[in-house]
Amino acid sequence: MTRPILAEAVGSFLLFATVIGSGVMGESLAHGNVAVALLGNTIATGAMLFVLITMLGPISGAHFNPAVTLVFRLLG
Numbered sequence: 026m027t028r029p030i031l032a033e034a035v036g037s038f039l040l041f042a043t044v045i046g047s048g049v050m051g052e053s054l055a056h057g058n059v060a061v062a063l064l065g066n067t068i069a070t071g072a073m074l075f076v077l078i079t080m081l082g083p084i085s086g087a088h089f090n091p092a093v094t095l096v097f098r099l100l101g
């Protein structure tokens with residue numbers, strides 16, 4: 026049980042860090058163009074989400090949402 030919970034925690038942290046980091050990256054590279062910043066954020070987040078699901082999906086189901094993980098745990 027510890028391994029799936031650890032995988033969910035690491036996945037949630039990495040997804041959170043990617044969203045924040047890609048937002049900062051998009052803003053600094055776009056020079057005020059909101060569409061380019063949003064595109065950069067979306068592509069980076071989507072790519073990282075694919076990697077995390079591929080990596081951690083077999084271990085924990087790759088929910089990356091503590092509420093979903095809790096509900097699945099309570100329901101068995």
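Residue 101, in this note's numbering, is where the sequence shown stops; the numbers in between run on with no holes.
For each residue, glycine too, the CB sits at the ideal point set by N, CA and C.
For residue i, which three-state DSSP category applies?
| i | result |
| --- | --- |
| N90 | coil |
| N66 | helix |
| G57 | coil |
| G46 | helix |
| G71 | helix |
Beta-carbon within less than 6 Å of residue i's beta-carbon, same chain only, minus the 5 sequence neighbours each way: which residues are those?
| i | result |
| --- | --- |
| S37 | F89 |
| A55 | V61 and A62 |
| G51 | A62, G65 and N66 |
| S47 | N66, A69 and T70 |
Which value, in whole angstroms, describes the spacing of the CA atoms of residue i and residue j?
| i | j | result |
| --- | --- | --- |
| L63 | T27 | 36 Å |
| G86 | N66 | 24 Å |
| L99 | N58 | 45 Å |
Spatial neighbours of residue i within its chain, please: CB distance less than 7 Å, with the 5 preceding and 5 following residues excluded, ordered by chain position.
| i | result |
| --- | --- |
| L40 | M73, L74, L77 and F89 |
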